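A.B. asks: This is the structure I have questions about; it appears just below.
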Amino acid sequence: MAEYLIKNGFVFDPVTGVKGDKKDIAVKDGKIVDSVSSSAKVYDASGKTVMAGAVEVHAHVAGPKVNEGRNYRPEDKLFGTRAGVNGMRTTGGFSIPTTFKTGYAYAQMGYTVVMEAAMPPLYARHVHEEIRDTPIIDEGAFPVFGNNWFVLEYLKNNELENTAAYISWLLRATKGYAVKVVNPGGTEAWAWGLNCLSVNDPVPYFDITPAQIVKGLIEANEYLGLPHSMHIHANNLGNPGNYTTTLDTFRLNEGFKANNRFGREQTMHHTHVQFHSYGGDNWGNFESKSDAIMDYVNAHPNLTIDTGNVTLDETTTMTADGPFEHHLTELNHLKWANVDVELETAAGIVPYVYSPDIKVCAIQWAIGLELALLAKDPMRCFITTDHPNAGPFTRYPRIIKWLMSKEAREERLTTFKHADKVISATHLHGLDRELSFYEIAQMTRAGPAKALGLMGTYGGLAPGMDADVVVYDINPEASFTPDQIEQAFTAAALVIKTGVPVVENGVVINNGNKRTLWVDAKVNENPQVLRDVEEKFLKYYSVSLNNYEVKGGHYIPNPYAIEVDATQ
Amino acid sequence: MAKTVTDVICPFCGTLCDDLEVQVSDDGTKILEVYNACAIGAEKFLHSQAKDRITRPRMQQEDGSYKEVSYDDAIEYTAQMLANAKKPLMYGWSSTSCEAQSVGHEIAETVGGVVDNTATVCHGSSLIAIQDVGIPSCTLGEIKNRADVVVFWGCNPSHAHPRHLSRYSIFPRGFFTGKGHKGRKMIVVDPRNTDTMKMADIGLQLEQGRDYELLSALRVAFRGEDLPDVVAGISKERIFEAAEVLKNARFGVIFFGMGVTQTLGKNHNIDEAIMVTKDLNEFTKFSIIAMRGHYNVTGSGAVLGWQFGFPFATDLSRGFARYNPGETTSNDLLRRDEVDAVFVLGSDPGAHFPISSVRKIARLPSVAVDPHITPTTEISKLHVPVAFVGVEVGGCCYRMDNGPSESRKVVEPPEGMMTDAEFLSRVRDRVGELKGKAPVGSPSTAQVQGA
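Put into structure tokens, the structure is as follows:
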């Protein structure tokens, strides 16, 4: 493999603690190294910003609901469809881009690792086929556990080891990466048209509460010592006054301590917290409770969050929170897709227009920014849009602009149709903080990499780590306008992914060397779980056990398995 | 002694049964017996064993006779035809694996072709309706475990999807459905007295072409408003009775077929059926599922979706993807003389398209890739026989509820036969050379399965 030297850039790297010093980054054989030979290809990064490749902790980019979104929204392809050039594939779609566009667009912004946030286990093959067809970026997928019948039954009986053995089995069967929980219990209730709106609402028939599910899965996750923590989308998403449910969910995490060999410190990651930080009790008195939420987050180091920033676009919401999507279609009357998945989960899809002329949308926009601006530890608060739910991932540069520039967000805030009402229902107007390049690197690189248990590989520029290096055309020591921030982060000047230059001057030049991450967790043989699995497939699944597991081969041509040994 | 291959996936219809057992000879070359399959599915496996099977490509001559050609010649002819065409139609894709579909899409992107699948004459109207109003749905296992009211509208699974009733919808005992069919109410809506209709608890034999009226009447009945005495040939008392059964379901589902998708009203019928389902979710839990025909037509829509964003009728002739049913659909293109070559794989338009379209295919440069001799192969200039997907080569396929399975190879194909994916990969590489540019290339290192 070739050698590269990225010279004289202003480097921001939380892993090595470099805060904008001029530094050379050397790359050899796909890794960051101390030095390279004189034959290395040199990139002059003087006057530019250098960071590690960014890490996406939560996005819906591959799988059945994403694809249903694509297929049922031809209008999403109306603009921005492009022919393929220079050996690249044709691209299309805005809020739900095609797989080719997904890979290219992430790479152009300097992202090199992306986690698909919700994989229905029965549809794991589909997820992996899409991941395979998404160029450049390394990807993993989180299978959903929070409404799975095995989990509900084991946890009802407090069977921790069986829960862990089942998690291990399902991660291997689906080639999944982490334990994802969406609306615990509520999605199972949705199979009967019901929901669980608090952590204490019992799940119909299974007679277990969301609180028991959440605590049980945290415990099982730490029993196994998985790279990532339990990753949750709590009950009661999207409703006025739901911040109390969110705080109740956070409290379930109290007393847990991380147990893993990956350097991860949190035991709960709560995703798209913007959707869970609402006060008021109706849409009229709807208000931000980001202060209460962030007070809790700041005081509890075993918790990480991501923001779920609303970008004020027309987008396509999609989630395994089936009852929420039904609720949403009743609100906005746009087309509703739903799939209930036997024994496992469900998913719903509804298009949504976040209009700056609608007060609630503008308040949601403000809340997302407040969360990041109120975060005392940027290593525990990550930037997402819950793509495509609060907006497409391609808007990250704009969110970074708003976070780095009070001027930019004031311009937006004060020109809303209902600006006065929005300002009085939120805290944003009073927040003067402007995030630094270093803090952005924490929130988009080192932080999410650490939370995912990948800190030795991704998100940093220390020798020995994977050579994912990004150069942005912006000089942190010169003066720049807010729009220049957005422009720089939209089209990276250079992206090297695992030692291969894939983007130059904002243009994709190589389809890269994509890998699929999954977690191979070994546990002691557990005959009871194996027997339960056989029985459930025989009696209740509509596919046979022998046709369930995703074997590697053409589904995962380039696997990157992370091994965990929980046999002790 | 023969060996038995278990958990075999049936590559016939969208039911995609995965519990077949196939007995093969010890040397793995002959299928001796097929267990658990329906008559159609078993025939698909056994037909691969036909003694008179065509095993090499053949070119139709001026006088209508056939001349055997090599696969190399067939690849060259196909690549030349596609590369020289201004706008080739690449149709079919429903009886092959997702891997083959994916290679086909690369070719279409390189040559500027139109990719269309069998939905164009089947459930394409359903796909359009979904684009209008969405679709509340579920997997087939949910029906098995929960459904107590099951509606079949304009479909006849007793004949078209023979094991559907026993595996998923009517007879199985699931987790919350311990009484099996005794605990389920079966409603059938069809103008014909089909064998499915004969099993119904409530059979609504409506006037032909009046589905939209009857669906609308149900929506009126759900709201407790008044109806004319008779709608679509059904008395209002029976409509109110059916509406009550639907509203009082614990978990209900509507299955629908080509009786509503391709009769008067087309996509508007499905719009209304979906809105019936959505209305019912105000009262209880209800889903709706299309009875997809070919075993992997759903997969074709899925792969087209993630690669280009549209489920069928995808026109790549401008280099990027366009979709406009009525303009970019196969029959419209053929009948308006908008395509100048036809490539068919995994379908039989010769048997299923209107004769006016079939005539057009016969006059154009054409290639048909199919293990069987079909009406399409008979009118095509070149017939390329290939191994049977799901019998002689594995590959991914999607069930009617969008669930993906990996089909199994149970026997070796006849000596020297190519698979769909192998043939397409060779054509892709050759087309790239002819077009003077590197093939657009798979973005990853996706391997092509094959013998």
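From first to last, the protein sequence lines are chains U and C.
Throughout, this note's numbering is defined as the position within the first sequence, counted from one, plus 58.
Throughout, this note's numbering is defined as the position within the second sequence, counted from one, plus 11.
Just so it is clear, CB atoms sit at the ideal spot from N, CA and C, and this is done for glycine as well.
The structure displayed is predicted, hence computed values, not measured ones.
Classify E469 (chain U) as helix, strand or coil using the three-state DSSP reduction.
C.D. replies: Counting from one through the first sequence, the residue named residue 469 (chain U) turns up at place 411. Three-state result, E469 (chain U): helix.
A.B. asks: So, using beta-carbon positions, are G299 (chain U) and Y336 (chain U) closer together than 8 Å?
C.D. replies: The residue labelled residue 299 (chain U) in the question sits at position 241 within the first sequence. The residue labelled residue 336 (chain U) in the question sits at position 278 within the first sequence. Yes, the pair counts as a contact, with Cβ atoms nearer than the cut-off.
A.B. asks: Tell me which residues share the same chain as H170 (chain C) and place their Cβ nearer than 6 Å to its Cβ, disregarding the 5 neighbours each side in the sequence.
C.D. replies: If you number the second sequence from 1, residue 170 (chain C) lands on position 159. None.
A.B. asks: Check E497 (chain U) in the structure and name its three-state DSSP category.
C.D. replies: One-based indexing of the first sequence puts residue 497 (chain U) at position 439. Three-state result, E497 (chain U): helix.
A.B. asks: Compare the C-beta of C474 (chain C) against all C-beta atoms of chain U and say whether one is closer than 8 Å.
C.D. replies: Absent from the model: residue 474 (chain C). The displayed extent of chain C is 12 to 462, so no value can be given.
A.B. asks: Would you please state the rounded distance, in angstroms, between the beta carbons of I42 (chain C) and V422 (chain C)? I believe it to be under 8 Å.
C.D. replies: Residue 42 (chain C) sits at position 31 when you count from the first residue of the second sequence. Residue 422 (chain C) sits at position 411 when you count from the first residue of the second sequence. Right, the Cβ-Cβ distance comes to about 6 Å (below 8 Å), so this counts as a contact.
A.B. asks: Alpha carbon to alpha carbon, how far is V558 (chain U) from Q545 (chain U)?
C.D. replies: Residue numbering aside, residue 558 (chain U) sits at position 500 when the first sequence is read from its first letter. Residue numbering aside, residue 545 (chain U) sits at position 487 when the first sequence is read from its first letter. Going by the C-alpha atoms only, they are around 23 Å apart.
A.B. asks: Please classify V577 (chain U): does DSSP put it in a helix, a strand, or coil?
C.D. replies: Translated into positions along the first sequence, residue 577 (chain U) becomes position 519. Reduced to three states, the DSSP call for V577 (chain U) is strand.
A.B. asks: Using the beta-carbon count (16 or more within 10 Å), is N307 (chain C) buried or exposed?
C.D. replies: Locating residue 307 (chain C) in the second sequence gives position 296, counting from the first residue. The residue in question, N307 (chain C), is buried, as its Cβ has 16 or more Cβ neighbours within 10 Å.
A.B. asks: Classify Y179 (chain C): buried if its beta carbon has 16 or more other beta carbons within 10 angstroms, exposed otherwise.
C.D. replies: Taking the first residue of the second sequence as position 1, residue 179 (chain C) is located at position 168. Buried, by the Cβ-count rule.
A.B. asks: Find the residues of chain C that neighbour H384 (chain U), judging by a C-beta separation of less than 7 Å, and give them in chain order.
C.D. replies: The residue given as residue 384 (chain U) occupies position 326 in the first sequence. Under the 7 Å cutoff, chain C gives N292.
A.B. asks: Is V483 (chain C) buried or exposed, if buried means 16 or more other CB atoms sit within 10 Å of its CB?
C.D. replies: Chain C is shown only over 12 to 462; residue 483 (chain C) falls outside these bounds and no answer can be derived.
A.B. asks: Got a sec, what are the start and stop residues for the beta strand (DSSP E) H291 (chain U) sits in?
C.D. replies: By one-based count along the first sequence, residue 291 (chain U) stands at place 233. First-last of the beta strand (DSSP E) with H291 (chain U): 288-291.
A.B. asks: Who are the near neighbours of V451 (chain C) in its chain, counting only those whose CB is closer than 7 Å to its CB and skipping five residues on each side?
C.D. replies: If you number the second sequence from 1, residue 451 (chain C) lands on position 440. Its pLDDT being 44, under 50, V451 (chain C) is placed unreliably in this model, and the coordinates cannot settle the point.
A.B. asks: Would you report the Cα separation of I266 (chain U) and H363 (chain C), rounded to the nearest angstrom?
C.D. replies: Within the first sequence, numbered from 1, the residue matching residue 266 (chain U) stands at position 208. Within the second sequence, numbered from 1, the residue matching residue 363 (chain C) stands at position 352. Approximately 53 Å, taken between the alpha carbons.
A.B. asks: Mapping DSSP to helix, strand and coil, what is W104 (chain C)?
C.D. replies: Counting from one through the second sequence, the residue named residue 104 (chain C) turns up at place 93. Of the three classes helix, strand and coil, the one that applies to W104 (chain C) here is coil, per DSSP.
A.B. asks: So, at 7 Å on beta carbons, what are the nonlocal neighbours of S227 (chain C) in its own chain, with the 5 sequence-adjacent residues on each side left out?
C.D. replies: Your numbering for residue 227 (chain C) matches position 216 in the second sequence. Result list for S227 (chain C): E283, in chain order.
A.B. asks: Counting beta carbon pairs with one atom in the stretch 359-373 of chain U and one in the stretch 425-445 of chain U, are three or more of them shorter than 8 Å?
C.D. replies: Enough Cβ pairs lie closer than 8 Å, so yes.
A.B. asks: From what residue to what residue does the alpha helix (DSSP H) around P7 (chain C) run?
C.D. replies: Any question about residue 7 (chain C) goes unanswered here, given that chain C covers just 12 to 462.
A.B. asks: Anyone know if the C-beta pair for E73 (chain C) and N605 (chain U) falls short of 8 Å?
C.D. replies: Sequence index remark: in the second sequence, residue 73 (chain C) carries index 62 (1-based). Sequence index remark: in the first sequence, residue 605 (chain U) carries index 547 (1-based). In this structure, N605 (chain U) does not lie closer than 8 Å to E73 (chain C) by Cβ.
A.B. asks: Would you please verify whether the beta carbon of D398 (chain U) is less than 8 Å from any beta carbon of chain C?
C.D. replies: Position 340 of the first sequence, counted from the first residue, corresponds to residue 398 (chain U). With 8 Å as the cut-off, D398 (chain U) counts as an interface residue toward chain C.
A.B. asks: Quick one: does P122 (chain U) have its CB under 8 Å from some CB of chain C?
C.D. replies: Residue numbering aside, residue 122 (chain U) sits at position 64 when the first sequence is read from its first letter. Closer than 8 Å: yes.
A.B. asks: Under three-state DSSP, which class holds C439 (chain U)?
C.D. replies: As a first step, residue 439 (chain U) is located in the first sequence; it is residue number 381 there, counting from the start. If DSSP states are grouped into helix, strand and coil, C439 (chain U) belongs with the strands.
A.B. asks: Taking only runs that begin and end inside the stretch 277-302 of chain C, name each unbroken beta strand (DSSP E) of 3 or more residues, in chain order.
C.D. replies: Counting whole runs of 3 or more residues, the stretch 277-302 of chain C contains the beta strand (DSSP E) stretches 296-301.
A.B. asks: Report back the beta-carbon spacing between G316 (chain C) and R128 (chain U) to the nearest angstrom; my notes put them in contact at under 8 Å.
C.D. replies: Position 305 of the second sequence, counted from the start, is the residue given in the question as residue 316 (chain C). Position 70 of the first sequence, counted from the start, is the residue given in the question as residue 128 (chain U). Confirmed, Cβ separation roughly 5 Å.
A.B. asks: So W164 (chain C) is in the beta strand (DSSP E); what residue range does that whole segment cover?
C.D. replies: For this step, residue 164 (chain C) is matched to residue 153 along the second sequence. Its beta strand (DSSP E) spans residues 160-164.
A.B. asks: Mark G75 (chain C) as exposed unless 16 or more other C-beta atoms lie within 10 angstroms of its C-beta, in which case mark it buried.
C.D. replies: Stepping through the second sequence from its first residue, residue 75 (chain C) is reached at position 64. Result: exposed.
A.B. asks: Between C:V397, C:M429, C:Y46, which has its C-alpha nearest Q34 (chain C)'s C-alpha?
C.D. replies: For the purposes of this step, residue 34 (chain C) is taken as the residue at position 23 of the second sequence. The candidate whose alpha carbon is nearest that of Q34 (chain C) is C:Y46.
A.B. asks: Examine the Cβ distances between the stretch 300-312 of chain U and the stretch 92-108 of chain U and report whether three or more of them are shorter than 8 Å.
C.D. replies: Cβ pair count under 8 Å is below three, so no.
A.B. asks: What residues in the stretch 153-178 of chain U bring their beta carbon closer than 7 Å to a beta carbon of chain C?
C.D. replies: Going along the stretch 153-178 of chain U in chain order, one finds T156, T157, F158, G161 with a Cβ nearer than 7 Å to chain C.
A.B. asks: Give a yes or no on whether the minimum CB-CB distance between W104 (chain C) and chain U is below 8 Å.
C.D. replies: One-based indexing of the second sequence puts residue 104 (chain C) at position 93. No, no contact with chain U.
A.B. asks: Please list the partners that T295 (chain C) has in chain U, where partner means a Cβ-to-Cβ separation under 9 Å.
C.D. replies: Mapped onto the second sequence, residue 295 (chain C) falls at position 284. Under the 9 Å cutoff, chain U gives W250, G251.
A.B. asks: Keeping to the same chain, check which residues put their C-beta closer than 8 Å to that of A243 (chain C); ignore five residues upstream and five downstream.
C.D. replies: Within the second sequence, numbered from 1, the residue matching residue 243 (chain C) stands at position 232. Within the same chain, A243 (chain C) has close Cβ partners L217, E218, R221, D222, E224, L225, A228.
A.B. asks: Apart from the five residues on each side of it in sequence, which residues of its chain come closer than 6 Å, Cβ to Cβ, to T272 (chain C)?
C.D. replies: By one-based count along the second sequence, residue 272 (chain C) stands at place 261. Here the set comprises H134, S136, S137.
A.B. asks: Contact criterion: CB-CB distance below 8 Å. Does E187 (chain U) meet it with respect to chain C?
C.D. replies: Taking the first sequence and counting its residues from 1, the one referred to as residue 187 (chain U) is at position 129. Answer yes: the Cβ-Cβ gap between E187 (chain U) and chain C drops below 8 Å somewhere.
A.B. asks: Helix, strand or coil, according to DSSP, for Y181 (chain U) in the structure here?
C.D. replies: Position 123 of the first sequence, counted from the start, is the residue given in the question as residue 181 (chain U). Residue state, collapsed to three classes: helix.
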